[in-house]
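Chains as they are written, first to last, in this note's numbering: chain R, 13 to 395; chain W, 84 to 425.
Note that beta-carbon positions come from the ideal geometry of N, C-alpha and C, so glycine has one too.
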Amino acid sequence: MAHDGCMSLNVEHAPMRTLPSAKPLRLLDNAGHALTGAATGGFALPDGETLLDLYRKMVIARRFDVQVTALTKQGRLATYPSAYGQEGCEIGAISAIGSTDWFFPTYRDCVALITRGLEPGEILQSFRGDWHNGYDQHAYRTAAQATPLATQALHAVGLSHAARLRRDPIVALTFLGDGATSEGDAHEAFNFAAVWQTPTVFVVQNNQYAISVPLSRQTHAATLADKAVGYGMPGYHVDGNDVAAMYAVTHAAVERARAGGGPTLIEGVTYRIESHTNSDDPTRYREAREVEHWKRRDPIERLEKYLVSEGALSETVRSEITDAAEALAAKTREAMSVEAELDPLELFDHVYSRPRTALLEQRSALEAELAAGAFAQHEAGAR
Amino acid sequence: MSADTTTAPPAAAEASAPTQLTMAGALNAALRDAMAADDRVVVYGEDVGPLGGVFRVTDGLQTQFGEDRIWDSPLAESGIIGTAIGMAMYGMRPVVEMQFDAFSYPAFEQMVSHVAKMRNRTKGRVTLPMVVRIPCAGAIGGVEHHSDSSEAYWTSTPGLTVVMPSNPADAYSMLREAIDSDDPVVFMEPKSRYWSKAPLALPVTTAPMDRAEVVREGADVTLIAYGPTVRTALEAADAAVDEGLSIEVVDLRSLSPFDDETVGASVRKTSRAAVIHEAAQFGGYGAEVAARVTERNFHHLAAPVLRIAGFDIPFPSPKLEEYHLPTADRVLAALDAWEWDA
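Written out as structure tokens, the structure is:
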């Protein structure tokens, strides 16, 4: 049954029993120096072209994130969960899968979606309040952003298992937060993936807080990556603000999964610089100096220092990247400056594959209300 | 869908000679035929493999189709539903089993937040053609957590299709239709009817699964029943003949959507209606039935629509369940409470 180049089924894998490193593995230190030896966990620094690409993507993603936060403060969006400071984790991991692989994001992962090539207007439809999701899942091979924590991890396991049954060399990558690892679905997803040996890569972005609750209130484990051992799969404890390390580790996990080697759990240690969303007040639960500490461990600055030291960041390249980032910001502002034409009658269109009599009756009732001008004020206000 | 999927053409409908089949046997045949007809159909759950399911509904299927088509999953219901969502996204048609009604509750979030909403939140771009089989209801002497009637949790969730067959022919036909449906279907199987028999020539096609059926004609009263209480209603109708009362019995078959047309036509004919279910009365499915029958047919009604239901208590232990479950006698006594000469 196995086709050339595809994974084979029913391969017996010995359960992984090795604990991840106690210190997060990293390839670049905070000063931008390339590391060697034990600190790297045996992973090699990606080549210069890849590193420059990762840098470019991070700068563009941050510009997008900052722009959307600003638009949210201006009232253009209902809410926005920023990933400022987590670009190393987000971009390192998402850059490790291909266009035929699937991505299962959470609400915090808009910068990964931008990196994956989705349009700002498509991504932000949900946070603007137009519809719950605004992009084509199949075209981008990217599931709708999940809000109920850890639920999407099971979808990733199921999809990658289906691909494996079809002998398609597809990997599913999913992101979770540190808080989500407390959810039952995280446990079930890790376990199903390990038992079925699905080609799934779990990236836990440990940004230290679940809204206001610190990691110490979520787990008594030494690291979140340690949990992998209990499921018999490899776990990696990675410096999430080292985009090079996040990319290298995730890439290795993706290719291992593609080759039939089963799932991997990767913890990226990072920090949520911004508030949970615009409606949050982080001064109630964390110290400013803690935020300052992490700002000095910025993932973009770290890689920038390395690239500069290597002479890989010319003024031409810098200005090209800045231009691309500003173009995306402008595109984002433009997409959010025009109110979408919403059709209230579309509320009934996507509930079932075939129209139900009861819904058609309710649709007619709303249509009559609209015709009678019952919402004229609302519509005028919306305009 | 970009996944490489192949669909075998439907097997030619060569009806076999009628044989006595139980509802469990009819469900088994429906799964077997659906798996043979379409290799996107996969079956998994707890104990569905070598054991053939605790009710033997999947008996023999793993031997016939192999472990890539039907397999035992880890014991975790949210995991079963959550992974089925991912498989359906990739173009499979998973048919998964919740071993018992009350064991489906760990999957509640996946069912309500994802299975029910995926088509809507993605504007139809992602559909979930999956079937969740749930053995349900009591009267089998089941110990705690093995006899719940949890249909109202599902029927009150927009986006789910909820059906419950009451006999072997419908069990076969409705399960085939549920598997073919592009919508997620909660397929509830009344445990007390698993061993009921009927002569069947397979494949059998009964009425579409979204339609109710008049299973006994009558002139004076409409009893609205589904799943296990259809038999109760038919017993009451038999017994009522001696009292000179002509009872019509409607088997709902589909709980969501609700077939207002068939039920309304019957109620307008008889002018009296009662709905029977095992679930507790308060906030139960019967409340919706009574409300919509009344709203739509008030001027044809000679009496208020009655609910004959389980008590508003947690499901009792095996030796006490007979006091809780609606019986034909209790149905007839309830009908006596109406003012018949009014």
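Where the beta strand (DSSP E) through residue i begins and ends
i: His360(W); result: 356–363
i: Gln103(W); result: 102–105
i: Trp208(R); result: No beta strand (DSSP E) holds Trp208(R); the alpha helix (DSSP H) holding it covers 196–208.
i: Ala171(R); result: According to the sequence provided, residue 171(R) is Leu. The question's Ala does not apply to it. Looking at the DSSP string, Leu171(R) is not in any beta strand (DSSP E); the run it does join, the alpha helix (DSSP H), is 163–177.
i: Glu296(W); result: 296–299
i: Ser275(W); result: Neither: Ser275(W) is in no beta strand (DSSP E) and is coded neither H nor E.
i: Ala244(W); result: For the record, residue 244(W) in the displayed sequence is Thr; it is not Ala. Run containing Thr244(W): 244–246, per the beta strand (DSSP E) assignment.
i: His249(R); result: 247–251
i: Ser376(R); result: Unbroken run through Ser376(R) is the alpha helix (DSSP H), 369–383; no beta strand (DSSP E).
Rounded separation between residue i and residue j - CA only
i: Ala234(R); j: Ala51(R); result: 18 angstroms
i: Ala237(R); j: Ala100(W); result: 60 angstroms
i: Thr186(R); j: Thr353(W); result: 57 angstroms
i: Cys158(R); j: Phe116(R); result: Rather than Cys, the amino acid found at residue 158(R) in this sequence is Ala. In a straight line, the C-alpha of Ala158(R) is about 8 angstroms away from that of Phe116(R).
i: Ala222(R); j: Arg294(W); result: 47 angstroms
i: Leu114(W); j: Ala240(R); result: 36 angstroms
i: Ala420(W); j: Arg355(W); result: 12 angstroms
i: Ala56(R); j: Tyr259(R); result: 10 angstroms
i: Ile285(R); j: Val303(R); result: 6 angstroms
i: Val297(W); j: Thr369(R); result: 20 angstroms
i: Thr305(W); j: Glu371(W); result: 16 angstroms
i: Leu64(R); j: Arg309(R); result: 19 angstroms
i: Met19(R); j: Ala271(R); result: Reliability fails at Met19(R), whose pLDDT of 42 lies under 50, so the model's placement of it is uncertain and the value that follows must be treated cautiously. When rounded, the distance between both Cα atoms is 5 angstroms.
i: His424(W); j: Thr377(W); result: The sequence as given places Asp at residue 424(W); His does not occur at that position. Spanning the two alpha carbons is a distance of roughly 20 angstroms.
i: Glu326(W); j: Gly225(W); result: 35 angstroms
i: Asp253(W); j: Thr289(W); result: 6 angstroms
i: Gly143(W); j: Ala90(R); result: 54 angstroms
i: Ala112(W); j: Ala284(W); result: 11 angstroms
i: Glu134(R); j: Asn145(R); result: 8 angstroms
i: Ala6(R); j: Val78(R); result: For residue 6(R) there is no data in the structure shown, the boundaries of chain R being 13 and 395.
i: Pro58(R); j: Ala192(R); result: 30 angstroms
i: Leu432(W); j: Glu313(R); result: Only positions 84 to 425 of chain W appear in the structure, and residue 432(W) is not among them; the question remains open.
i: Tyr368(W); j: Leu389(W); result: 13 angstroms
i: Thr315(W); j: Met257(W); result: 21 angstroms
i: Ala411(W); j: Glu379(R); result: 45 angstroms
i: Gln149(R); j: Ser111(R); result: 12 angstroms
i: Leu317(W); j: Ile109(R); result: 60 angstroms
i: Val261(R); j: Asp335(R); result: 30 angstroms
Cβ neighbours of residue i in the same chain (closer than 6 angstroms, five flanking residues each side left out)
i: Ile391(W); result: Ala357, Ile359, Pro409, Val414, Ala417
i: Lys69(R); result: Ile103, Thr127
i: Trp306(R); result: Tyr283
i: Met175(W); result: Arg123, Val125
i: His228(W); result: Ala185
i: Ala168(R); result: Phe116, Ala184, Thr186, Thr212
i: Ala363(W); result: Gly393, Asp395
i: His383(W); result: Arg351, Ser354
Close-in-space but distant-in-sequence residues of the same chain around residue i (CB under 8 angstroms, 5 per side omitted)
i: Leu166(R); result: Asp197, Glu200, Ala201, Phe204
i: Thr118(R); result: Gln157, Ala158, Thr159, Leu161, Gln164, Phe187, Leu188, Gly189, Ala192
i: Arg296(R); result: Ser224
Beta-carbon contacts of residue i that lie in its chain and below 7 angstroms, excluding the five residues immediately before and after
i: Pro241(W); result: Ala199
i: Asn380(W); result: Gly347, Val350, Arg351
i: Leu47(R); result: Arg38, Leu39, Leu40, Asp41
i: Glu160(W); result: Met181, Phe186, Ser187, Pro189, Ala190
i: Ala324(R); result: Gly60, Leu64
Terminal residues of the alpha helix (DSSP H) in which residue i lies
i: Trp237(W); result: 234–238
i: Val125(W); result: Where Val125(W) is concerned, there is no enclosing alpha helix (DSSP H), although the beta strand (DSSP E) it sits in stretches over 124–128.
i: Glu150(W); result: Per DSSP, Glu150(W) belongs to no alpha helix (DSSP H) and is neither H nor E.
i: Asp169(W); result: The sequence as given places Gly at residue 169(W); Asp does not occur at that position. It spans 160–172 - the alpha helix (DSSP H) in which Gly169(W) sits, taken as one unbroken run.
i: Glu318(W); result: 312–325
i: Ile352(W); result: As written in the sequence, residue 352(W) is Lys, which differs from the Ile given in the question. Note, Lys352(W): alpha helix (DSSP H), 343–353.
query: If you pair each beta-carbon of the region 145–156 of chain W with each one of the region 231–248 of chain W, do three or more pairs fall below 8 angstroms?
result: no
- prompt: Any contact of the region 208–217 of chain R with the region 157–175 of chain R, i.e. 3+ C-beta pairs under 8 angstroms?
  reply: yes
- request: Taking 8 angstroms as the threshold, find out whether the region 259–270 of chain R comes into contact with the region 69–77 of chain R through three or more Cβ pairs.
  value: no
task: Evaluate the contact criterion for the region 315–335 of chain W versus the region 221–239 of chain W: three or more CB pairs, one atom per stretch, below 8 angstroms.
output: no
task: Determine, using beta-carbon pairs with one atom in the region 318–329 of chain W and one in the region 399–406 of chain W, whether at least three such pairs fall under 8 angstroms.
output: no
field: the region 34–43 of chain R contacting the region 251–261 of chain R, beta-carbon criterion three pairs below 8 angstroms
entry: yes
- request: Determine, using beta-carbon pairs with one atom in the region 180–190 of chain W and one in the region 208–225 of chain W, whether at least three such pairs fall under 8 angstroms.
  value: yes
- prompt: Which runs of the beta strand (DSSP E), 3 residues or longer, sit entirely within the region 261–336 of chain R?
  reply: 276–281
Inside the region 79–148 of chain R only - alpha helix (DSSP H) runs reaching at least 4 residues: 99–106, 122–127, 132–135, 137–140
- prompt: Are at least three pairs of beta-carbons, each pair with one atom in the region 358–377 of chain R and one in the region 191–208 of chain W, less than 8 angstroms apart?
  reply: yes
task: Decide yes or no for the touch test of the region 81–89 of chain R against the region 134–152 of chain R: beta carbon pairs closer than 8 angstroms, at least 3 of them.
output: yes
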